[in-house]
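The structure appears right after this line, and notes come after that.
Numbering (the numbering used here), first residue to last: 283 to 570.
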């Protein structure tokens, strides 16, 4: 009877915790959908063709946000160009080449701690190093490099975890067939770790696209309706543009404020959807 009672108690405890986790998950989902629906209700009326294709004008009270959207995409693209190769190569070194000693433990601890550093600190570092010391000025390249540093810990950590998830039997079999270690990594390990790598990149994109503090110090222009001429030009970006409209522009139309916030959310969801499709396709190929 004692054994049966213990089994029943364990089953009951498991059911309680499962229901509790399900309830918490549902609450989070409800909040997320609530935010999305609220933004659609408040800003959906602003999403017209003119709003998406026209330049801001009239002190940002009129016109649209076309150059703001393109500026945001410039920053995101530049961030990925700098962060992805460095992050993936660093993760490959830490997981495949580096020895497990005190130095690598310190490096991993530093990477984890960097992920918790406030974004404003990265912005101040970018201002001091990229803008002033390297003399890039407030520009796309300075903002992209700063955002790349911001999301680098996320990409390194997620890529390393993805590499660890690949069974060692793949490595041993490839090496036994005569492949070099680098060939094994490129042709065997990376394709199977790609879903996790893409997930890390998506998390990085989501954070980079929505950050205000780093680009405030390094790249964002208060009002620049024309597109930038080079990577050394300032650029308007959605997070900072939204901040300016809410705090600096008197009597800015509410629908334009909410519409800008909705567009920023849709851009992040767009990148996430593309990454989800790529990740799903990669997983299906792995099963074949």
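We put the CB at the ideal spot given by N, CA and C, even for glycine. Just so it is clear, the structure is predicted and the values come from calculations on it, not from any experiment.
Cutoff 6 angstroms; reference residue i; Cβ partners in own chain excluding five residues on either side
i           : result
residue 488 : 550
residue 345 : 336, 337, 338 and 339
Inter-residue spacing [alpha-carbon to alpha-carbon] between residue i and residue j
i           : j           : result
residue 297 : residue 355 : 46 angstroms
residue 455 : residue 383 : 27 angstroms
residue 342 : residue 350 : 11 angstroms
residue 412 : residue 401 : 16 angstroms
residue 474 : residue 372 : 18 angstroms
residue 323 : residue 529 : 22 angstroms
residue 424 : residue 443 : 29 angstroms
residue 304 : residue 527 : 39 angstroms
residue 461 : residue 380 : 20 angstroms
Residue closest to residue i, alpha-carbon to alpha-carbon, out of the options
i           : options               : result
residue 513 : 421, 556 and 463      : 421
residue 479 : 439, 346 and 500      : 439
residue 331 : 552, 560 and 545      : 545
residue 522 : 556, 532, 503 and 362 : 503
residue 374 : 407, 303, 464 and 295 : 464
residue 426 : 334, 313, 498 and 292 : 498
residue 432 : 559, 293 and 362      : 362
Other residues of its chain near residue i: CB distance less than 8 angstroms, five sequence neighbours each side excluded
i           : result
residue 471 : 378, 445, 448, 452 and 453
residue 327 : 537 and 541
residue 539 : 325, 524, 527 and 528
Residue i - DSSP class collapsed to helix/strand/coil
i           : result
residue 447 : coil
residue 367 : helix
residue 345 : strand
residue 418 : coil
7 angstroms CB neighbourhood of residue i in its chain, flanking five on each side removed
i           : result
residue 393 : 435, 438 and 439
residue 369 : 434, 437, 438 and 441
>> Which runs of the alpha helix (DSSP H) at least 4 residues long sit entirely within the segment 467–549? Give them in chain order.
In response: Complete alpha helix (DSSP H) runs here, min 4: 472–492, 495–500 and 520–529.
>> Please give me, in chain order, every unbroken run of the alpha helix (DSSP H) with length at least 4 that falls completely inside the segment 308–363.
In response: For the segment 308–363, whole alpha helix (DSSP H) runs of length 4 or above, ordered along the chain, are 331–335.
> Hey, which unbroken runs of the alpha helix (DSSP H) at 4 residues or more fall wholly within the segment 366–406?
Replying inline: Listed in chain order, they are 384–396.
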